[in-house]
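Heads up, the thing below is written out as structure tokens.
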Amino acid sequence: MIDRIMAARDQMTPSERQLVQALLDDYPVVGLGSITELAGIAKVSTTTVARMLQKAGFGGYPQFQAQVRLELKAMILDPAAKRDEWKSELPDEHILNRFGARAIENQRRSLEDIDPAEFDSLCSLLCDPDRRIFIAGGRITGALAQYLYLHLQMVRPDVRLLPEAASWTHDLLEVREGDVLVALDVRRYENTTLTIGQMCHERGAEIVLVTDQWRSPIHRFAKHTFGMRVAAPSAWDSMAAVLVLLECAIAETQERLWESVKSRTEELEQAFDRTRLFRKFGQNANR
């Protein structure tokens, strides 16, 4: 729903944009109160609230609030509840078609929703040699954090993966103003990732959040937020759209830094050859 509101932002007055910012700062909780309470929090009139919602395509405040409640429910669903929600809606077709079509649609819509300028700003942060890059993921997104880390480490120096164990607090001692934290956090949002984001923000780091369409609480202090679509006909969400975003960022960062990347890659390949990490064509199988 936030995407729906943001899509109408160009048509809004300054006071309506002020209201949108108030919604973003504490979404979805701020939308659970009365229209008067929301107007008071945003320091605008109730007429401004009604006008903004109309521009975003809502019939009125009750319709908006009903959607807020649905999204709040979606944000906290556990795997069993997700499966129950999808089970009654599943078409009678093979899982490859059913799940695959949804994953592809998630990728398409997610990429369409990204502002190219916002993506370019992310890549500029990743390419800046004066900034160190810290990456944090959670129980599931930790695998994607590792994937991003391994690639960025090949592309540039000063990239760190924050461990999921408690030792991440040691790494935070190294965070300084101007560094970058890339945080991956999808529903059900994890307290540890939120704490890492808060502490890095307090130390002056710029926060890049990769999340879902409902947005992790980290978005309140993130400089850049990418809300990717993850819902799929399964007990678990699909991370395909998130992975595509990360791979786009890796590819663009590599291109921008190609001269230094080429040198780093050649040096890395020499190390691989010495350790015989990878088999090469024609290599003796017994060696």
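If you read the sequence shown in this note's numbering, its first letter stands for residue 16, the second for the next number, and so on. The C-beta atom is built at its ideal place from N, Cα and C for all residues, glycine as well.
Just reading off the beta strand (DSSP E) that residue i is part of, what are its end residues?
i: A132; result: No beta strand (DSSP E) holds A132; the alpha helix (DSSP H) holding it covers P131 to C142.
Reducing DSSP to helix, strand and coil, say where residue i ends up.
i: E108; result: coil
i: M67; result: helix
i: V195; result: strand
i: I211; result: helix
i: L292; result: coil
i: M254; result: coil
i: T156; result: coil
i: L188; result: coil
i: P77; result: helix
For residue i, which residues in the same chain have their Cβ closer than 8 Å to its Cβ, ignoring the five residues on either side in sequence?
i: N206; result: none
i: I265; result: L163, H166, L167 and V170
i: V45; result: A37, L38, L53 and I56
Rounded to whole angstroms, what's the CA-CA distance from residue i to residue j? Just pull it up for me.
i: G242; j: R289; result: 42 Å
i: K238; j: Q161; result: 22 Å
i: L224; j: R230; result: 9 Å
i: H216; j: T61; result: 33 Å
i: D18; j: V35; result: 11 Å
i: T240; j: A247; result: 21 Å
i: C142; j: I211; result: 22 Å
i: Q22; j: L187; result: Inspection of the sequence shows that residue 22 is occupied by Ala rather than by Gln. Straight-line Cα distance between these residues: approximately 36 Å.
What does residue i pair with, by DSSP beta-bridge criteria?
i: M243; result: D227
i: V174; result: I148
i: I222; result: L196
Which same chain residues end up closer than 6 Å to residue i when comparing Cβ atoms and leaving out the 5 residues on each side of it in sequence?
i: R244; result: N121, R124, S125, Q228 and A256
i: R84; result: none
How is the alpha helix (DSSP H) around residue i delimited, first residue to last?
i: V35; result: P29 to D40
i: R202; result: Counting along the chain, R202 falls outside any alpha helix (DSSP H), and DSSP gives it neither H nor E.
i: R235; result: Element bounds for R235: n/a, residue is neither H nor E.
i: A57; result: I50 to A57
Grab me the residues of residue i's own chain with a C-beta within less than 7 Å of its C-beta, minus the 5 sequence neighbours each way, in chain order.
i: R66; result: E31
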